[in-house]
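Below: one structure, written as structure tokens.
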Amino acid sequence: MQQTLAHTLICEESDTTKGGHTIHSRKKDPESLLPLTPAVFHILLALSDGERHGYGIMQEIAERTKGTVHMGPGTLYGSLKRMLSSGLIEETGEKADPQHGNERRRYYRLTGFGQRVLHAEAERLAQLVSIAQLKHVLG
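Here is the structure:
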């Protein structure tokens, strides 16, 4: 059963003792979110080389896919909201954008967890492509 992106991502729990107190640490498992939706995967890829504002994410996706993927604002901002709550990305604050009349924009970047999820999804997709090649599905 596939979990939603906003679902709590606790897969491993360990106890350590520090100064006589037990500390419960929870570790997020990147594979608990797989497979990602195409929108989330494209957003993570767009943020993989640095922070961007929402419109910049849409532009990066359109450019990288040569216009074959168009992400509208509803999909983008809905996905960003869920990704923020899941800890995949974080806001880096608002900054003036000189390319758009110094309009203030919210910027986003990957978290360490987001980078691990992106890597896990890329590995999963690479395995699928390898299987498709072995089965002579690809030219």
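Under full-length UniProt numbering, think of the first position of the sequence shown as 1, with each following residue one higher. Glycine included, C-beta positions come from ideal geometry on N, C-alpha and C.
### Task
Return the CA-CA distance between K18 and E51, expressed in angstroms with no decimal places.
Confidence in K18 is poor, its pLDDT being 44 and thus under 50, which makes the residue's placement unreliable; the coordinate value appears in the next sentence. When rounded, the distance between both Cα atoms is 36 Å.
#### Entry: Under the three-state DSSP convention, the category E13 falls into
With a pLDDT of only 36 at E13, under 50, the local geometry of the prediction cannot be trusted, and the value read off the model is given with reservation. Strand, per DSSP.
#### Entry: Enclosing alpha helix (DSSP H) for L84 [first to last residue]
73-86
### Task
Compute the distance between the beta-carbons of I43 and L84, then report whether it is under 9 Å.
no
### Query
If you draw a straight line from the C-alpha of R109 to the C-alpha of E91, how long is it?
7 Å
### K28 versus L88 - alpha carbon distance
11 Å
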